[in-house]
Amino acid sequence: NEHDNLTEVEYYLVREFSLNSKGLLQRGDSVKKRKKRIGSASSDTAASAEDGAEGPRSRSVSRTSSIASEDCFEVEGSEPERFKIVILGAHGVGKTSLTQQFTRTALVDTFDTDSADKFTEVVVTVSVDGDETELSFHSITEDQIPCLVEDPSIDGALVVYSLADRQTYVFAEDVLCKIRKHLKCTCPVVLVANKDDLVRTRVVSCGEGKLVATLYDAKYIETSAVLSYHVDELLVGILHQIKSRKSPFKAPSQGMVRRNSAKRILKRLMSFHHGTTTPDLVCND
Ligand SMILES: Nc1nc2c(ncn2[C@@H]2O[C@H](COP(=O)(O)OP(=O)(O)OP(=O)(O)O)[C@@H](O)[C@H]2O)c(=O)[nH]1
Ligand SMILES: [Mg+2]
Numbered sequence: 001n002e003h004d005n006l007t008e009v010e011y012y013l014v015r016e017f018s019l020n021s022k023g024l025l026q027r028g029d030s031v032k033k034r035k036k037r038i039g040s041a042s043s044d045t046a047a048s049a050e051d052g053a054e055g056p057r058s059r060s061v062s063r064t065s066s067i068a069s070e071d072c073f074e075v076e077g078s079e080p081e082r083f084k085i086v087i088l089g090a091h092g093v094g095k096t097s098l099t100q101q102f103t104r105t106a107l108v109d110t111f112d113t114d115s116a117d118k119f120t121e122v123v124v125t126v127s128v129d130g131d132e133t134e135l136s137f138h139s140i141t142e143d144q145i146p147c148l149v150e151d152p153s154i155d156g157a158l159v160v161y162s163l164a165d166r167q168t169y170v171f172a173e174d175v176l177c178k179i180r181k182h183l184k185c186t187c188p189v190v191l192v193a194n195k196d197d198l199v200r201t202r203v204v205s206c207g208e209g210k211l212v213a214t215l216y217d218a219k220y221i222e223t224s225a226v227l228s229y230h231v232d233e234l235l236v237g238i239l240h241q242i243k244s245r246k247s248p249f250k251a252p253s254q255g256m257v258r259r260n261s262a263k264r265i266l267k268r269l270m271s272f273h274h275g276t277t278t279p280d281l282v283c284n285d
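Going by UniProt numbering, the sequence shown opens with residue 1, and the numbers climb by one from there.
Okay, here's the thing in structure tokens:
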């Protein structure tokens with residue numbers, strides 16, 4: 001193939017965080033530049049570049065395209081690790097709004113979620129204490145849930161409900177049941193109680209959310225996509241869950257020991273109860 005070993009320059013946005021004893025600190029966004037191999041069928045990045053241009057899979061368009069190249073850091077070395085995360089939940093609970101917030105630093109109070117829904121994949125590069133990872137988020141519908149079991153590439157799941165709408169909570173419980181019981185999926189799952197800003201119309205208590213999360217071996221977090229409340233914690237929290245499940249016995253490095261207290265804070269934010277077995281519960285179907 002005459003295109004083998006060709007490279008092209010790619011600009012990408014990195015959401016930078018650090019973990020210290022005070023918790024999670026957002027360090028803003030930076031734009032980086034990397035050389036990407038093109039023309040090689042075996043290269044992951046080459047495949048996604050082709051998909052983005054004309055393939056069936058849409059990608060979110062990076063905001064970096066309008067940024068001048070002088071502002072960028074050039075990155076050498078290997079590609080960051082990449083994890084695939086699915087987002088599930090009833091209609092209108094805020095799946096798209098949360099995904100949109102993952103990609104931006106500034107507070108945004110209006111969303112054009114309809115046009116955002118045309119993207120089937122949103123990719124966010126997250127750096128925690130210099131450790132870069134690419135997270136690709138996929139919003140999926142209820143009828144796509146059975147396909148999850150055939151997709152070994154899924155690394156984590158967010159199950160979202162609105163704490164101001166009980167039906168969406170019931171729906172989320174059913175989704176959790178399907179994931180854990182029917183599909184026997186053991187990937188990290190976070191149960192997300194969104195719309196925490198709607199205090200006066202809240203109908204699902206924190207206790208109810210935590211209970212269901214406990215039953216299905218999931219973490220629990222309350223968020224508000226419109227106020228960008230706990231959105232970064234959710235983003236870094238699911239990443240932390242995936243990484244710690246993939247290498248649970250990794251020997252602690254120097255930095256890791258220093259960050260332990262910060263991780264404890266992150267853990268407290270997401271109440272989590274490790275279960276060794278999936279409880280034998282009945283789904284609502
Ligand atoms: N008050 C409040 N409204 C929210 C929040 N998150 C999302 N919304 C609103 O809820 C509506 C639905 O949000 P979406 O993000 O489109 O929800 P979705 O889950 O992607 O919906 P579908 O794609 O239709 O299933 C929009 O009007 C959002 O502005 C939140 O945290 N608080
Ligand atoms: Mg949506």
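Don't be surprised by glycine CBs; every beta carbon is placed ideally from N, CA and C.
Does ligand 2 have a heavy atom nearer than 7 angstroms to the CB of residue i?
i           : result
residue 95  : yes
residue 139 : yes
Under 7 angstroms Cβ to Cβ from residue i, same chain only, skipping five residues before and after it: list those, please.
i           : result
residue 272 : Low confidence applies here, because residue 272 scores a pLDDT of 47, under 50, leaving its location unreliable; read the following figure in that light. Contacts found: 219.
residue 25  : 17, 18
residue 225 : 94, 97, 98, 101, 194, 231
residue 35  : 7, 9
residue 157 : 85, 86, 88, 179, 187, 189
residue 227 : 197
residue 27  : 16, 17, 18
At which residues does the beta strand (DSSP E) containing residue i begin and terminate?
i           : result
residue 231 : Where residue 231 is concerned, there is no enclosing beta strand (DSSP E), although the alpha helix (DSSP H) it sits in stretches over 231–246.
residue 155 : 154–162
residue 202 : Taken as a continuous stretch (DSSP letters only), residue 202 belongs to no beta strand (DSSP E), as it is neither H nor E.
residue 136 : 131–139
residue 127 : 122–128
residue 85  : 81–89
Less than 6 angstroms between C-beta atoms, sequence neighbours within five positions excluded: which residues of the same chain meet that for residue i?
i           : result
residue 171 : 90
residue 198 : 164
residue 139 : 87, 95
residue 212 : 173
residue 127 : 14, 16
residue 179 : 185
residue 103 : 124
Compute the minimum distance between the beta carbon of residue i and the heavy atoms of ligand 1, and state whether it is under 7 angstroms.
i           : result
residue 230 : no
residue 126 : no
residue 209 : no
residue 224 : yes
residue 163 : no
residue 174 : no
residue 198 : yes
residue 194 : yes
residue 182 : no
residue 240 : no
residue 28  : no
residue 89  : yes
residue 23  : no
residue 92  : yes
What are the start and end residues of the alpha helix (DSSP H) that includes residue i?
i           : result
residue 213 : 206–215
residue 22  : First-last for residue 22: undefined, no H or E at that position.
residue 97  : 95–102
Looking at residue i: is its Cβ nearer than 8 angstroms to the Cβ of residue j?
i           : j           : result
residue 192 : residue 235 : no
residue 80  : residue 134 : yes
residue 177 : residue 229 : no
residue 132 : residue 125 : yes
residue 204 : residue 166 : yes
residue 190 : residue 145 : no
residue 208 : residue 161 : no
residue 242 : residue 155 : yes
residue 137 : residue 122 : yes
Near residue i, which residues of its chain fall below 8 angstroms by C-beta distance, leaving aside the five closest residues on each side in sequence?
i           : result
residue 153 : 84
residue 283 : Only weak support exists for where residue 283 lies, its pLDDT of 47 falling under 50; the coordinates are left without a value.
Give a yes or no on whether the minimum CB-CB distance between residue i and chain B is below 8 angstroms.
i           : result
residue 135 : Looking at the structure shown, chain B is missing, and only one protein chain is on hand.
Just list the beta strand (DSSP E) runs in the region 167–200, keeping only unbroken ones of 3 residues or longer that don't cross its boundaries, in chain order. 189–194
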